[in-house]
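Please read the structure below before turning to the comments.
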Amino acid sequence: MIQRVQTIFMLIVVVITAAIFFLPIAVFTNEAESFKLTLTGIDGSDAIKQTVNVNTIPLIISVVVGAIFSFINIFLYRKRLLQIKINRFAILLFSLYLALMYFLYIDKIKTLFTVDNTSLMLSAALPIVNIILLFLANVRIRRDDKLVKSADRLR
1 MIQRVQTIFM LIVVVITAAI FFLPIAVFTN EAESFKLTLT GIDGSDAIKQ
51 TVNVNTIPLI ISVVVGAIFS FINIFLYRKR LLQIKINRFA ILLFSLYLAL
101 MYFLYIDKIK TLFTVDNTSL MLSAALPIVN IILLFLANVR IRRDDKLVKS
151 ADRLR
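According to our numbering, the sequence shown is numbered sequentially starting from 1.
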């Protein structure tokens, strides 16, 4: 059924993932200027874009595939075990996004460009919220599966 709590959790994941596309991930500043790291690349002056060449395609792929799986998963309510597996894969994708973002992109920018201050924005923490919501959805899906199995035993 589409009106289940886990469906709301997965729908919130899709909405949060859409917000990640429009919000900056981090803001880097030095004494001369500042620039933003977004999901689509670097937002700043042309000199910074040429100096700091960042290919964010792996970030985009992990976020888009995670959102697509979460959206498709809403309509697989009859296949609860498949829903759990797809949610686990989406959790893995959002974890990959976090690892890439923190350990690869932000560190790469700090080494290529002298940065005085790095400010992580809200969208840097949104994948953590997605992981928590997908985990809670899995808990509710398992609860539904136990309820259905117990009802099958009573027949």
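Here a beta-carbon is modelled for each residue, glycine too, at the ideal position from N, C-alpha and C.
Just so we're clear, the structure is a prediction, and the values are computed from it rather than from any experiment.
7 Å Cβ shell around residue i - same chain, five flanking residues per side excluded
i      : result
Val129 : Ile16
Asn73  : Met10, Gln83, Ile86, Asn87
Where the alpha helix (DSSP H) through residue i begins and ends
i     : result
Thr17 : 5-22
Extent of the continuous beta strand (DSSP E) to which residue i belongs
i      : result
Ile42  : 41-43
Thr118 : 117-120
Phe69  : Unbroken run through Phe69 is the alpha helix (DSSP H), 57-74; no beta strand (DSSP E).
Lys79  : From DSSP, Lys79 is part of no beta strand (DSSP E); its letter is neither H nor E.
Val54  : Where Val54 is concerned, there is no enclosing beta strand (DSSP E), given that its DSSP letter is neither H nor E.
Ala26  : 26-29
Nearest to residue i (by Cα), restricted to the options the options
i      : options                       : result
Ala26  : Leu133, Lys146, Asp107        : Asp107
Val115 : Arg4, Phe75, Leu37, Ile8      : Leu37
Asn55  : Phe89, Ile131, Leu104         : Leu104
Ile91  : Ile68, Phe28, Glu31           : Ile68
Ala32  : Phe113, Ser95, Pro127, Asp152 : Phe113
When you compare the stretch 139-150 with the stretch 29-48, are there three or more beta-carbon pairs, one atom per stretch, that lie closer than 8 Å? no
Can you list, in chain order, the stretches of the beta strand (DSSP E) that have 3 or more residues and sit fully within the stretch 88-127? 117-120
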